[in-house]
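Single-structure report; data block below.
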Amino acid sequence: MIIGYARKSTHLQDVTHQVDELTKAGCEQIYHEQISRGGTKRAKNGAPELENCLKALREGDTLVV
Numbered sequence: 574m575i576i577g578y579a580r581k582s583t584h585l586q587d588v589t590h591q592v593d594e595l596t597k598a599g600c601e602q603i604y605h606e607q608i609s610r611g612g613t614k615r616a617k618n619g620a621p622e623l624e625n626c627l628k629a630l631r632e633g634d635t636l637v638v
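Start counting at 1 in the sequence shown, then tack on 573, and there's your number in this note's numbering.
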């Protein structure tokens with residue numbers, strides 16, 4: 574399976590183009606999220622969709638970012 578991951582880091586950004594490109598790349602499942610980071614501090618909840626994405630990966634899968 575080909576799995577994709579996209580993120581945006583500000584409210585001004587949009588993941589639509591990223592998701593379109595992941596779809597064109599053949600991704601069958603796409604995870605996306607907004608990650609807010611203050612300075613260099615990591616958000617308290619981290620990147621839950623990235624964590625879900627990584628958990629979904631199985632041997633032989635391809636991750637496209």
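Glycine is no exception: its CB is placed at the ideal position from the N, C-alpha and C atoms.
DSSP three-state assignment for residue i, whether helix, strand or coil
{"i": "E601", "result": "coil"}
{"i": "Q607", "result": "strand"}
{"i": "L636", "result": "strand"}
{"i": "A639", "result": "Limits of the chain in this structure are 574 at one end and 638 at the other, which puts residue 639 out of reach."}
{"i": "V592", "result": "helix"}
Span separating the alpha-carbon of residue i from that of residue j
{"i": "V638", "j": "E606", "result": "12 Å"}
{"i": "G599", "j": "E624", "result": "21 Å"}
Proximity of residue i and residue j at Cβ, strictly below 8 Å
{"i": "L630", "j": "I575", "result": "no"}
{"i": "K581", "j": "V588", "result": "yes"}
Cβ neighbours of residue i in the same chain (closer than 6 Å, five flanking residues each side left out)
{"i": "K614", "result": "The pLDDT assigned to K614 is 48, lower than 50, so where the model puts this residue is not dependable; a value taken from the coordinates is nonetheless given after this. Nothing listed; no residue qualifies."}
{"i": "G612", "result": "Legend: pLDDT at G612 = 46, less than 50; position of this residue unreliable, no value from coordinates given."}
{"i": "T583", "result": "none"}
From the options, residue whose alpha carbon lies closest to that of residue i
{"i": "I603", "options": "Y578, D634, G633", "result": "Y578"}
{"i": "L585", "options": "L627, I608, K628, E594", "result": "I608"}
Contacts around residue i, its chain only, beta-carbon distance under 8 Å, and the 5 residues preceding and following it disregarded
{"i": "T635", "result": "M574, I575, I576"}
Close-in-space but distant-in-sequence residues of the same chain around residue i (CB under 7 Å, 5 per side omitted)
{"i": "L595", "result": "G577, A579, I603, V637"}
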